[in-house]
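As structure tokens, the structure follows; a few thoughts come after it.
Chains as they are written, first to last, in UniProt numbering: chain G, 1 to 507; chain H, 1 to 507; chain X, 1 to 507; chain A, 1 to 507.
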């Protein structure tokens, strides 16, 4: 999972992209990168770390230009399907292209071989985004044999890209000397929205993963990029748009609404906050059908993203809502000291209970979802130690039973507590007195109701249905194993490869 | 304002102090430092930045030992009264002393002259903590002429220190080869609590600013250090305690309860969370006496620390509580680019309204306090733009009318919106349809009720009463001006002085 | 000017290339870079600074593989013709190519336009090396349409490159998955030599700028790469060689012998040390024809590279040779302090005279060459202050009258003291009692005599003859001006562009 | 071994001290530090590395003031007697003192215990310089009980310091708010010289280890500081001087003349260059008494410091002098790569032979001294491989038979090749056809002849006579062992201790 942004302005964009990345930081804290373009020259800075750490004054000064893009990356170590290398990526032929990508290609492995064997293009990382930029480069080379490069030729290339790649992808690319291209996979699995601002210097157009990014930087929302659609913004700020897929269908990722997106974003016509309130409402019905609300003394959310659902649930149940857990916002590391025993990390370093809210009460804890179950188990234990009489747990999302292949960092199915277990078995594992899960169909219904144009959801983690049709859970597991063993053999040093990317800085 | 911690263990303490500082990070994000002691050698690492940025593996490895202390510092640029330099401080005679200090000495200027002229001690920074360590060193030198150094001699020195220094101070000091000393000013203005854990290797004693620090690192709370009291923990972990002041009186800082401390801390017998709930309750009475609750459609807190008060207030009013603002947790910088116009920062980058919670409603916004009023003004405006019909504002704290001299970063009185203005004038300034403030006496009463042993509060910002008796608001302003002009003349380069502290690292 | 090295081994090469770069460090101290290849993946680290500063343990660990190349770069700030960006350069299509280049293309400007307009290849820097790699890539793409890639196809591409590019170039390139390519311009202006070692793991082949690099790392010299020739070393270490130019002619750069190369190198069959001795001998004849040797009390070299010439000259004159100047090997910076006057740098910080060797004597100072004349002037003055009675100056090189377009950092002709001035005028300027210059024909004769196969020298700085035939001094100056003004307009920020190269490191 | 400098000016001194340290860099390349003083505030920057790497613009800007001192440190890892920690050192009472020290205290261990037990001063490192500053601080505290602090009281303190400390010491100390103090041990073992310059802003006085430092920064040499003498320069630049020892005797370290000092320095009235010429002369006599000069075809120095001796020797023998070895000036590291075999370092990476100077000849190699013998052995081997018929070796210094306790980094006596071996045995070890050593008495005589005021030399490495009289070779070895084992036990982590010194910088 990542956050991406691109902008064309008539005034320098480095600070603007920086600010935009801060507003996307919740989507990825592992690495950050910005590319700007001045004339036909590109300037890049990217590194591991959070935005405020990656960009210092000297880096910002080295990012001139009125056009640019940026990315924040989610930490996905050990997951062979996710982005391994920091973005943006660059290829110098044709034209010079720089690209950022949010999503995951399910046929990256096959494409890579094809690129190497047939297109003679060198892929230097394990990143599917490097595959994607090379496919795009190859297709642009083909459609744009004759100059000049028109929006039509670009859209033709995107149509060809749609035919070659599978999976989820929201993409923003700079074509040196030409403009900004953005497109989205035919199911619109990953989000992409654009808007504009009128500056004294002229029009400014921004494309980004979330609407809050546009609002927080003073842009009017124009609309979401449609599934399969491409938009091309030329250097004057004119927006060209075309549907580049034969059979698009809007089925966005359900996890955005469950916990990925900021609550104040609106995605594909659905307010994330409202979606969470609605989930709280249907969850309340499940609670009521499980136990009399009077048995619950207090509803306590597990911070942060479950709060709207929990609040609405409490409201619906007519029971008090109290914030009984305090989250420690400052997260550090456990250092390995030679010859020194490791201090055991307690969940209490991350979360602390306010005893007075638990003492002697029957508490209903509400989480956004339950993945591995281990944290839930510890939290239930904490609630008991804080004096709770009974501890009930409710999950605003349905049981997570299947792995994700579309760019969300998820454990293997073996590690998913709800995989192959009954709800009663999960309840027993986490040690709660009762466990209430959201219903998958109810969730789809109440979130879908917020925008009638939605044709469904990518909700494979819950329902096991992979909408791109090219991957079954079994394939997925096999593929992962192959790649991992291959990775071990082929790629030598286990550490992250920095190939071909390095600061030409004063040592 | 700072957070401090000290520990004596029978096992290495570097990771433990690091974890403790993370649990104090909300008390200061400007700088961090750790000192450990092994045998009679001290090891230090300190730097500007947040804990997770300041300490890397190589720094942690260079912090061996089973005894140590640490500090996180609040950013107080431009405030001549607060700590200018990173802590801990060190003097090598007598014994070798390392010290961390939370608070502010009101007679630091006079003491500094005295130290230079009479004690011939060199003070190399503007920090009152460097003054404090030298006063302590001088007194210890006097009381401990004859070896060995006993707890009695140490307590005698602390008693002498109490006589010389004025203001607020919670102090933890390492005496090389001897142990850990902690003491607190005679009013207990700044908090200090201690506790212990039983490890397989033996007893571990920790002293820290907040109880969450102890709980989060697995320690039982023993009790708060009493005002005027000193405790000395020898290297075996034995705690010696003595009252070192003739006339102590527990009157802690009210601002800890208002917004400084974590809600899950208990300070001087008062749960911070409960204090905030109680403030919400009395605030509700003020609201009711101002307007019929039915005029309020929804109560919306301004995140973060006003949430408990707002929730209780909503409960008391019987009106819905909704989290209509989302705070951006990722804060960045505004870079100054040569020849490039600065992008205007919008308050929207820090806070975003969820329109559906405001649209067409009369909203009661609740903040923990109103200091300069400029942010409140912007927030009221945001609420209106989000569609609110009427915007009422309530402050969980009374009007802030006077500057703080006890270590809390506050603007000058001229910058305080409530200084010399009626409530109606403040309301007009912030543009709200109504403005309701907490009542100072009610606040003291309901917070004080949580622990009968409290003899009052340091609440000078609200009531103008400076409990140490040595400073009037007028003195304070004069003093500040003197110091600032002096600072300008004497200290040469305006930038932070790194004097005598520098990493002997591989360049 | 640069130093370059490439190697194919059967064991890791990172330390080997590092050691080789240290042995080339005298050829460039501005920046350094290494690329290694493992499987088909490339790993790069490059940065400004000297080798020992650029490469730390963490960088070295990130350079796995048994094939690689490296470069050290000469500081050429402000010279639009020289390398602006750190090498190596990389393009990902076709195959993935990494390249290092020593020399200067005289038609880079025209080629760049051609690449952009016709080949649609994006050039992101001002470096002619980036132009070169793209020309090579384009030609390889053409000749290698059909797989597999054979040495023949590679040599065909080099032949095409020779036809397109003009100027001086010694090149080493890695073709991912295939091997190491090295070639040299048709006049062999810049040096390139190769050799091999037999390791337990198998054969190791190294190509480098100087023979000392091979000797110092334990390799037998095979031979120099011939002008116009290309050699290709496959991954098993087999060397394929072919002449790729119709009309090659060995005319190496005279400056290598004068001062660039290490004295213990042998270049194109000529021992640099012996060449310098010979220059001393012919210089002696010039001295003798100017003044009776008995008027000279002592011969004193100006360190470092003039020592062999001076020694032989003294020997020939039968006068004592004494090292009367000591050079400070540790060079620092002059810092600009705000509001602080700059301390005047004295030549004495770089060079110091041992007074006893000058006092009351007639001294003959010997320098390798005289470029701007300003240093010579100061040195003559120092000799006088040290007590010399008469100060004669001899230059082992002839008058430097013309600029260099083949990669040696030289001032414009206006700054050359000998440009448009008589020797008497130069003598007057530097303040010597006599000035004796090497004779250009004598120099060519005695250096040429060391290898009969030499067909001449690139000695344009002395004789104004530009052997590539495509550039006159006038063109050169015009071109420079055009580029500089263009650079100012087009490229925005005056600082070095780090475009697209940046460490994806932990911030 | 170290280089030290101090200066009092009427204009900022940061750049001046930086330049001075560059001129002392040959005396130590392990660490560097500068302290400046403005008003009574001190500013420090120190770090490991060479001067040009340690000081960047931001560090220089943080060093304001017109008074300051600096140090460069020799790498002495593993030698318990030498400085472990980067200088300068600081104590804050009395007055604030900053100190740099070149030399080694032979009674540091006993003094440290005394300081801890009696003076209750905390010593946080293993550095004898920290002991020294504390002894000075203690004595100043005693003599300066009554203010003001006069030069007399300072000299009285120095006299007391002379009584307590043993060994070698050249010291420069800043007394905050007062001025610069410099003094030298009663034998003048380590050098110290001072001089002045007349600037427009007023008089500038500099004290430094070598005369080149003064000359290279534009100062007139006043004179050497006498053994036992102290000079105090007040802030106006007035120099106060007094002999502070009852029985001083000028007996400087012979090693300065052999290889430590720069040849262009004059130390205690002796030109280092002239001393080396003279050593060459007496060495020539030894050669002549060993073999007919006609058997020698050529004299070849082993660079760098043996060149003057070799040149004079060749002159005396009437044989040609040729520089047959080229030294690689760029030294790098050998990296340890996990799971990768270490490439064997060849001496050829440091030194390369020019074959034509060796081929078929009988060569006399001249080195400044022979310590372990291993390098000599390799060089003899290189000469043979380069084609020499016979290889003779001459050492400009006598056999090194005893360890050094006065601050020169030397191996233990077991590692000294000449310890307990006959010259014939040494010759056999290094594999030369003949070995000629300097005669110790001849050396003392010809160097001593250059200044009649010299009363002898500290030449214990050659003659086993330790002039401070408090240490025998046996003691020394015992002491070393004690300390080392103690160090292992007490000091915990084997790495360098950074105690209490750390950059308060932006992380």
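For glycine and all other residues, C-beta sits at the position ideal for the given N, C-alpha and C.
- Message: Comparing C-alpha positions only, which one of 215(H), 96(H), 165(H) sits nearest to residue 196(H)?
- Response: Closest by alpha carbon: 215(H).
- Item | Span separating the alpha-carbon of residue 120(X) from that of residue 111(X) | Roughly 12 angstroms separates the two Cα atoms.
- Message: Closer than 7 angstroms between beta carbons: that is the criterion. Which residues of the region 87-100 of chain A meet it against chain H?
- Response: So the list reads 90, 91, 92, 93, 94, 95, 96, given in the order they occur along the chain.
- Residues bridged to residue 392(X) by DSSP? Bridge partners of residue 392(X): 364(X), 434(X).
- Which residues of chain G have a Cβ atom closer than 8 angstroms to the Cβ of residue 23(H), listed in chain order? Taking a Cβ-Cβ cut-off of 8 angstroms, the neighbours of residue 23(H) in chain G comprise 328, 330, 349, given in sequence order.
- Query: Between residue 352(G) and residue 362(H), what straight-line distance do the alpha-carbon atoms span, to the nearest angstrom?
  - Reply: The alpha-carbon separation between residue 352(G) and residue 362(H) amounts to approximately 34 angstroms.
- Touch test, the region 90-99 of chain G against the region 171-179 of chain G, Cβ-Cβ under 8 angstroms, three pairs minimum: A contact exists between the region 90-99 of chain G and the region 171-179 of chain G.
- List the residues of chain H whose Cβ lies closer than 9 angstroms to the Cβ of residue 121(A), in chain order. Within chain H, the residues near residue 121(A) are 92, 93, 94, 95, 96.
- Query: From residue 242(G) to residue 230(G), what distance separates their C-alpha atoms?
  - Reply: About 6 angstroms.
- Query: From residue 455(A) to residue 2(A), what distance separates their C-alpha atoms?
  - Reply: Residue 455(A) and residue 2(A): Cα-Cα distance of roughly 24 angstroms.
- Item | Nearest neighbour of residue 364(H), chosen from 347(H), 460(H), 301(H) [CA to CA] | The candidate whose alpha carbon is nearest that of residue 364(H) is 301(H).
- Does any CB atom of chain G fall closer than 8 angstroms to the CB of residue 508(X)? Past the boundaries of the shown model lies residue 508(X); chain X is included only from 1 to 507, so the question cannot be answered.
- Task: Could I get the ranges of all uninterrupted beta strand (DSSP E) runs contained in the region 287-345 of chain X, with 3 residues as the minimum, in chain order?
- Result: Segments of the beta strand (DSSP E) lying fully in the region 287-345 of chain X: 298-301, 325-327.
- Where does residue 400(H) sit, in a helix, a strand or coil, going by DSSP? Reduced to three states, the DSSP call for residue 400(H) is coil.
- If you run the structure through DSSP and keep just helix, strand and coil, what is residue 66(G)? The three-state secondary structure of residue 66(G), taken from DSSP, is coil.
- Message: I need the boundaries of the beta strand (DSSP E) containing residue 15(G), first residue and last residue.
- Response: For residue 15(G), there is no enclosing beta strand (DSSP E); the enclosing alpha helix (DSSP H) has its first and last residue at 14-22.
- Hey, does residue 176(X) have any beta-carbon neighbour from chain G nearer than 8 angstroms? True, the Cβ-Cβ gap to chain G drops below 8 angstroms.
- Task: Say whether chain X places a C-beta atom closer than 8 angstroms to the C-beta of residue 14(G).
- Result: Proximity of residue 14(G) to chain X, defined by a Cβ-Cβ separation below 8 angstroms, is not satisfied.
- Excluding the 5 residues preceding and the 5 following residue 60(X) in the sequence, name in chain order all residues of the same chain whose CB lies nearer than 6 angstroms to its CB. Answer for residue 60(X): 14, listed in chain order.
- Item | Stretch pair the region 179-196 of chain G + the region 246-253 of chain G: three plus CB contacts closer than 8 angstroms | The region 179-196 of chain G makes contact with the region 246-253 of chain G: 3 or more CB pairs, one atom from each, lie closer than 8 angstroms.
- Item | Residues within the region 192-220 of chain G neighbouring chain H, beta-carbon criterion of under 7 angstroms | Listed by position along the chain: 212, 215, 216, 218.
- Item | Cutoff 8 angstroms; reference residue 210(G); Cβ partners in own chain excluding five residues on either side | Contacts found: 3, 23, 24, 27, 191, 193, 261, 262, 265, 267.
- beta strand (DSSP E) runs wholly inside the region 413-468 of chain G, at least 3 long, in chain order: List check, beta strand (DSSP E) in window: 434-437.
- Item | Three-state secondary structure (DSSP) of residue 387(G) | DSSP places residue 387(G) in coil when its eight states are reduced to three.
- Stretch pair the region 424-441 of chain X + the region 279-292 of chain X: three plus CB contacts closer than 8 angstroms: Enough Cβ pairs lie closer than 8 angstroms, so yes.
- Query: Where do the N-terminal and C-terminal ends of the beta strand (DSSP E) with residue 102(G) fall, by residue?
  - Reply: For residue 102(G), the uninterrupted beta strand (DSSP E) segment begins and ends at 97-105.
- Exposed or buried, residue 145(G), counting other C-beta atoms within 10 Å across all chains shown (16 or more means buried)? Answer is exposed; the Cβ neighbour count stays below 16.
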